[in-house]
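Visitor: Residue numbers (mature numbering (1 follows the signal peptide of the UniProt record, and there is no 0)): -23 to -1, 1 to 885. All C-beta atoms in this analysis are idealised placements derived from N, C-alpha and C, irrespective of residue type, glycine included.
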Amino acid sequence: MYQRSLFIPISIILSTLSFFSSAHIEHDKARYVAENGIDKGHCDKPFRACKTISYAVQQASKGDKVLVASGHYKLESESDIFYLQSQLVPVKAGFNRMDHFQVQSPVNNPTFISNAPSTMHDALYKAGFTIVNDGKSNLNSSELKVKLAKVKQLSHKQSNETCQNGTAAGFECKNVDLLAHIPLNSFSGNPASGSDIWGHIDLNTHIEYALMAHSDGVTVFDLSEPTQPKEVGTINGVNTTWRDVKVYQYFDKVQNSYQAYAYVTAESSDGVVIVDLNNLPHSISQLNDVTAREQSIHNVYISNIDYGLNLPLPQSDANVIIVGGSKTGGAFRSYSLENPKNIPLTFQNTQATRADYTHDAASAFIKDTRAQRDCGETSGKCTVLVDFNENEMRVWNISNSENAKLLSSISYSEVSDDNKYVHSGWFSEDNRYVFVHDEFDETRGELNTTVRVFDLQDLTSPIQVASWKGNNQTIDHNGFARGNRYYMSNYERGLTILDISEPTDPKEIGYFDTFPSSNNSSYSGAWGVYPFLPSGIILLSDINSGLYILKDNSKKEAKDRLSFTTHELVFDKTGLAKIPVNRSGDTNLATSIEYETLNGSADETSDFTYKTGTLNWQAGDNETKFISLDITKIFDGTKPHNNFFIRLFNSQSQSAIGEHGYITINLQGIASVGNISLEKNAIRIAENQGSIEIPISRLGGSRGRLDLNVDLSNTSLNSQDFSVNHTQLMWQNGETAQKILTINLIDDDISEQDEVINILISTTDEDGKEQKNQLTITLLDDENNLPPEISLSQGFDIAPRGTYSGVTTLVSDPEGDDVTFLWQQISGSPIEFVDPTNSLMSIIVGDISGEIELQLTATDQRGASASANVTMTVVVPEMPAHTSSNSSGGTLYWLTLLLMAFIKRRKI
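1) In the DSSP assignment, what residue or residues form a beta bridge with Phe541?
2) Starting from the N-terminal side, write out each stretch of the beta strand (DSSP E) that is 3 residues or longer and does not extend beyond the stretch 714 to 744.
3) Name the DSSP beta bridge partners of Asn702, please?
4) What is the C-beta distance between Pro557 and Phe585, in whole angstroms, given that I count them as a contact (C-beta under 8 Å)?
5) What does the Cβ neighbour count give for Ile767, buried or exposed, with the cut at 16 atoms within 10 Å?
6) Can you list, in chain order, the residues of its chain whose CB lies under 6 Å from that of Phe715, leaving out five sequence neighbours each side?
7) Within the chosen definition, does the stretch 750 to 764 reach the stretch 802 to 809 through at least 3 CB pairs nearer than 8 Å?
8) By the 10 Å Cβ neighbour count, where 16 or more other Cβ atoms means buried, how is Arg350 classified, buried or exposed?
9) Can you find at least 3 beta carbon pairs, one from the stretch 133 to 143 and one from the stretch 411 to 420, that sit closer than 8 Å?
10) Compare the C-beta of Arg371 against all C-beta atoms of chain D and say whether one is closer than 9 Å.
11) Taking DSSP as the reference, what is the three-state secondary structure of Asn863?
12) Among the residues of its own chain, which have a CB less than 6 Å from the CB of Asp57, if the five just before and after it don't count?
13) Would you check if the stretch 633 to 644 and the stretch 215 to 225 touch, i.e. whether three or more CB-CB distances between them fall below 8 Å?
14) Give the DSSP-derived three-state secondary structure of Ala535 in the structure shown.
15) I need the boundaries of the alpha helix (DSSP H) containing Tyr227, first residue and last residue.
16) Can you list, in chain order, the residues of its chain with a C-beta nearer than 7 Å to that of Asn448? Leave out the 5 residues immediately preceding and following it.
17) Go ahead and label Leu527 buried or exposed: buried means 16 or more other beta carbons lie within 10 angstroms of its beta carbon, across all protein chains shown.
18) If distances are taken between C-alpha atoms only, which option among Gly681, Gly14, Lys446 and Ala46 comes closest to Asn467?
19) Give me the residue from Asp607, Leu539 and Asp563 with the minimum Cα distance to Ser628.
20) Does the distance from the CB of Gln232 to the CB of Asn815 come in under 9 Å?
21) Could you give the uninterrupted runs of the beta strand (DSSP E) lying entirely in the stretch 431 to 473, keeping only those of 3 residues or more?
22) As a quick exercise: from Asp812, Ala237 and Thr574, pick the residue whose alpha carbon is nearest that of Ala554.
23) By DSSP, does Phe509 sit in helix, in strand, or in coil?
24) On the DSSP letters alone, give me the boundaries of the beta strand (DSSP E) that Val372 sits inside.
25) Could you please give me the residues that DSSP links to Gln645 through a beta bridge?
26) Mapping DSSP to helix, strand and coil, what is Arg350?
27) From Thr601 to Leu592, what distance separates their C-alpha atoms?
28) Buried or exposed for Arg331, please, with buried defined as at least 16 other CB atoms from any protein chain shown within 10 angstroms of its CB.
29) Cβ of Asp837 within 9 Å of Cβ of Val784?
30) Kindly indicate the opening and closing residues of the beta strand (DSSP E) around Asp519.
31) Answer yes or no: do Asp395 and Asp453 have a C-beta to C-beta separation smaller than 9 Å?
32) Look at the Cβ atom of Leu517, then the Cβ atom of Ala503, and state whether they are nearer than 9 Å.
33) With the cut-off set at 9 Å, would you say Val66 and Gly105 are in Cβ contact?
34) Name the two residues that bound the continuous beta strand (DSSP E) containing Val852.
35) Give the range of the beta strand (DSSP E) segment to which Asp613 is assigned.
36) Please report how far the alpha carbon of Pro23 lies from the alpha carbon of Thr780, in whole angstroms.
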């Protein structure tokens, strides 16, 4: 009891008395820098500080912070500029080495920095630095100008730049062209940093998309013109460094169209956010159901899908795999995709501890002898999950999604456990080899970039068979195999492409450097890569500079290429179909490639016969080979047009997969009329908002005229409460343009209950098929409305020149309405809000003193608002007398001071 009561006051002090502690500096581990430090070790002890900011950043992990003691520092290279602006590893100045970096006080601990570009002065000042701005300190050399130009290019768009003589638009490259670059400042909302990326092809329209996660949410780009990506929309989330996204697509027979959803996770309070992609290319939306069964989640993965089309693999079950979550020690948990809009939990290891934490995962659908021999699956099919566990790689049989079984585990001894972080990996396309990434072996183990290769020919006894080493110490992050290419996001190196024709002897064959200033072992540069789009373009996400659309020319350099002759074929007869596959280039070696059919709107049970196999070419053979399969559909003039797909994979020898790695097999029939789609089926809106526009889309087809009826007969409201501009909308044959239904709201002065408008939107197509969509609009009365209830915790003392939070905000709305927020300053010397629309206070304070009064206003959907005020006092702290650095006196002094301050404040 005593320990608990003592802990609570100290916790309160550490979370509120900002200028007495480092509590309002970013959380997680600190790295320390001092003018008389030494660039050696990990910089993680205050009494063993490093000398330079650059070195300290390279020792930090994502989410760490770098604290800089008073002294004089100088920017030496353009990489220093990136490090000082990093959101992943923020740098703060104004500390004192003698008090063990406990207090940020730029006034008492002046930290001078020179050579900083003028564009950085404001940000550096807010971080606690004092800018040296005389003629001597500002280097105007041509060398510096070149360096700054490299930095500047990352904030500008580029388009359609060929890699020539080792560069494309100033980016170093080899065998990779730049199709487009969208910097973060061109995203709506201007996010501070990028994170992971995934791709999607809408099989209704065959338009490709990029989904890039970032600190503020996830943004979708239309890649109809790869050199001119267009932003479709953004789903916002809680601000965080880590955010991940994956996509699942399937054919819905009821909707008669392909449906797709993105699953977004973050290390925040977002849980699993499900994003509806079914109104592309017009818009995206967040489903009302946000899976709150997990809170902070590191990553998301989907098993048993083809990662180019995001369709489920034949004869398998796809599952969402959550890893690094807030429950069961962060061990992986499985969720069923039977209903993609609401994914129920199917497996969790309730006995798991933190030692079972899964950082990332990859899977393979095994159909060879290993399924029965190693997995014990008599069906001859086994879903194998590889769990990257920080310390080792674990191999699981998850064929039964409700009962996972551990098959084996393995690690390596090339670096010590302290210098190891088994981070992620991916299977080769033959499902035999796993390429493994370690995030610490470069930073702590001082190795050059190292990718390890494990042979899983025996799932119960994997062995390491090779490793690839780069020519620098950049960190390998995530990688994916496509054909005999391995695409890797390589932080400061950008994109690295390996030729894995011989998996036990990978060779670098291409790269594109998105962080041109340096090749150090820091967490800057490329975060994620996606190489699976059927068009062959490569998507790359960069922490510092946004989205890159790239073209892999290493395939052209390949001696041998295997490809479908086209991206689609049409068949209109039942019987044997022959699909040609070409070989081009050097044919001196024997080669082969595998193929497999994938269900689409056409199904293997009624329209074609599932087939998988291998095409073989002998040395010197360049003849076209054919995939022969049975079309079983009855073409009688009454069946709709439908399709399925064939994919090429696991190319052997030196053969790369060429331009067409997928083919769409169209089975002739009646063209689709299309489906009527609403962005949302339920809307809440205040009656004082004037009007509401409801977009209605025709997706998946355009045959014939469609007349859309708007039926309000099930609505009991008085017609004086609203009016509808049109009760009938129409699409002509071949038309797919979005239609808008406008409802005018009439704001009366009557105090009444919330009212509901029920709208039935229906159509009957020329085939006599009826479609119905129900829309419910709840009109929120603004007369009979109570304002939100709001309270703020007590203000506290802060020091000049710092960024502070720590005020607790409690807000509730009596009617349960959505609430928006706005912070304003009422009195005192001017300060700056980091985000005035966030419910939590975060302010930047300059060289000021005295009281500042702040006000938070909460406004509900109906327009009612309430406010609460808090007063902060800016005080220059008096520094304690110097005590010996090998004594605990400094710490004791500060702990005593903290407790005295708390007791004094409690008496007040």
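Guide: Quick answer:
1) The partner list for Phe541 (beta bridge, DSSP) reads Val558.
2) 716 to 722 and 732 to 741
3) BP columns for Asn702 are empty, so no partner.
4) Not confirmed; about 17 Å, so no contact.
5) buried
6) Note that residue 715 is Gln in the sequence shown here, rather than Phe. Closer than 6 Å at Cβ, skipping near neighbours: His259, Pro672 and Ser674.
7) no
8) exposed
9) no
10) Among the protein chains of the structure shown there is no chain D, as only one such chain exists.
11) With a pLDDT of only 44 at Asn863, under 50, the local geometry of the prediction cannot be trusted, and the value read off the model is given with reservation. If DSSP states are grouped into helix, strand and coil, Asn863 belongs with coil.
12) Ser31
13) no
14) coil
15) Element bounds for Tyr227: not the alpha helix (DSSP H) but the beta strand (DSSP E), Arg220 to Asp229.
16) Asn425
17) buried
18) Lys446
19) Taking Ser628 as reference, the option from Asp607, Leu539 and Asp563 with the minimal CA-CA separation is Leu539.
20) Not a contact, by the Cβ cut-off of 9 Å.
21) 440 to 446, 455 to 459 and 462 to 466
22) Thr574
23) When secondary structure is reduced to three states using DSSP, Phe509 falls in the coil class, being assigned neither helix nor strand.
24) Met370 to Asn374
25) Answer is none; Gln645 lacks a bridge partner.
26) Three-state DSSP puts Arg350 in a helix.
27) 10 Å
28) So Arg331 counts as exposed.
29) no
30) Ile514 to Asp519
31) no
32) yes
33) No, Cβ-Cβ distance for Val66 and Gly105 is not below 9 Å.
34) No beta strand (DSSP E) contains Val852, which DSSP labels as neither H nor E.
35) First-last for Asp613: undefined, no H or E at that position.
36) 21 Å
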